[in-house]
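Following: one structure in C-alpha cells, then a few remarks.
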Amino acid sequence: MSDLLRFAILILVIYFMKIWRVRIGMRTFKTALSVVIGLYFSHLLNLQAPIFTAIASITTMQPSFTDTSEQVKRRLFTCVFGVIFGYLLAQITHNPLFTPILAGIGVIFTIVLHQLTGQKNMTTLACIVFVASFATRTNHMTYGINRLIGTFLGVAISVLINVLIRAPKVHEDFFQSVQEAYREIFDLTRNCLLLPYPSDLSHLEAAINKVNNYYHMLDEEIHSPFYSGKEFKIPHAIIEVINEIYLRFQLLEELKPFTPTIFGKNIETIESLFSYTILYQGDLKREEAIVYNYHIEVILKDVFRLKNFVEENSL
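Residue numbers 77 to 391, in my numbering, belong to the letters of the sequence shown in order.
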C-alpha cells in the first residue's frame, strides 16, 4: 500500500469522524497512547507476544485512581499466579490424553482458591492466564517470561500516562454533580411552592444518585496510592443535606395533590431565596398545611446551606 493511499484513508477516517461528530475523550486518547508506547517498547525489547503489553495497557487505564489501583493488583496477581501455576502443571505430563484433564483440574483449583481468598473478581482473568500458560505450544518458560514482562510493562506505562497526562479528577466531577443537583433542587423547590403538588422527582433522583456515586468514588479515591490531587475534607454534611432534601420531597408526595398553603417564616424565606411574594392561600386543610410547612421549612434551610456550599466551591 502506497504512502499516498494510507494518507487518503487517514483523511477519510477523520472526515467521517467529523461528520458523525465523534468525540474522542481524554481516557480514550490516553488508552490509545499507552498501547502505542507499549507496542514500541515491546518491539525494542523483542517480546514475542506484544499483545500482552497492549492488553495490560488497555485494562489498567481507568477513570479513577481507585479503579486503576484495583486493576493493577488484579492484572499483576492474575498474571504471576496464572503463568507460574500453568508452567508447573505443564511439567507434569505432555501426554495429549491427560493434559486436558489436568487443565480442568487446574481451572477448578484456580476458581476454588480465588473464592477462598475472597478474590472472586479475579477468577475469570486468572483462569484465562492459567489456561494460556498451560496450553501454549511454545516453550512454557519463554512464554511465561514474555507474558510477565509484557504485563508489567503495559501496567507501568498505563499508570504513568494516567498520572502524568490529565490525571483523573474525581473531586471536580463530584463538585460538578453537586452543582447539578443543587440546580435541580432549586427548581423543584420553586415549582412545589408555585404549582400543584406533587411534582416529578425522577430528575432529582437521578441527580442525587450521581452525587452519591461520585461521593463514594471520591471517598475511596483520596486513599488510593496513585492519587495525586489536592487534599481536602470531603463534605459529608452536604451529602446528608442533599439526601435529606430528597427524603422531604418524598414525604410530601404522601399528601394528596394540592395547591400549596404557605405561612409563617416560610413566606419570608421564600421571598429571600426566590424573590417571590406569596399572595395566595392553597387548598390544604390546617393539619396538612402544618405538616407541609414543616417539611418546606427544613427544605428551605437545606437549600440555603447547599447554595452557600456551591458558591464557595464553584469550579
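Positions of the beta carbon are idealized from the N, C-alpha and C atoms, including for glycine.
Chain-order list of residues whose beta-carbon lies under 6 Å from that of residue i (same chain, five-residue window excluded)
| i | result |
| --- | --- |
| threonine 199 | Ile187 and His190 |
| cysteine 203 | Val183 and Thr186 |
| serine 253 | Lys286, Val287 and Tyr290 |
| glutamate 296 | Thr142 |
Three-state secondary structure (DSSP) of residue i
| i | result |
| --- | --- |
| leucine 121 | coil |
| glycine 194 | coil |
| tyrosine 291 | helix |
| glutamine 138 | coil |
| proline 336 | coil |
| phenylalanine 385 | helix |
| proline 176 | helix |
| glutamate 329 | coil |
| serine 145 | helix |
| isoleucine 100 | coil |
| isoleucine 187 | helix |
| glutamine 167 | coil |
Counted within 10 angstroms of its Cβ, other Cβ atoms place residue i as buried (16 or more) or exposed
| i | result |
| --- | --- |
| glutamate 388 | exposed |
| glycine 158 | buried |
| methionine 293 | buried |
| threonine 265 | buried |
| histidine 216 | buried |
| glycine 220 | buried |
| alanine 282 | exposed |
Other residues of its chain near residue i: CB distance less than 7 Å, five sequence neighbours each side excluded
| i | result |
| --- | --- |
| serine 140 | Pro244, Val246, Met293 and Glu297 |
| alanine 130 | Val111, Gly114, Leu115 and Gly230 |
Own chain, CB closer than 8 Å to residue i, minus 5 neighbours either side, in chain order
| i | result |
| --- | --- |
| lysine 196 | His190 |
Answer yes if the region 226 to 246 comes into contact with the region 113 to 127, meaning at least three C-beta pairs across the two stretches below 8 Å, and no otherwise. yes
How about the region 371 to 383 and the region 235 to 242: do they share at least three Cβ pairs that are nearer than 8 Å? no
I'd like to know if the region 205 to 212 and the region 157 to 169 are in contact, where contact means that at least 3 CB-CB pairs between them fall below 8 Å. yes
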